[in-house]
């Protein structure tokens, strides 16, 4: 649970000529740019866990293949 809402975060104003992704004015802009404004936190956590497990399995398979070659 968040102690604050990321949408309510106000950042320093962007210098002239700087646009996303180089500079953002608010937390809501960041969430919108990275398409996280409508997603569920638990769904994003599930995606992250799937990626972590998937990359570990791929790494293990690569190590096993390299080990069998030698």
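Residue numbers (the numbering used here): 15 to 84.
The beta-carbon is built from N, C-alpha and C at its ideal position, and this holds for glycine as well.
query	result
Length of the line joining the Cα atoms of residue 67 and residue 44	27 angstroms
Per-residue DSSP class, three states only, for residue 15	Below a pLDDT of 50, predicted positions are generally treated as unreliable, and residue 15, at 46, falls in that range; the measurement from the model is reported next regardless. Coil.
Sequence-distant residues of the same chain with beta carbon closer than 8 angstroms to residue 15, five excluded per side	Note that residue 15 scores a pLDDT of 46, beneath 50, so its modelled location is shaky and nothing firm can be said.
Environment of residue 90 [buried if 16+ CB atoms lie within 10 Å]	Residue 90 is absent from the model: the chain starts at 15 and stops at 84.
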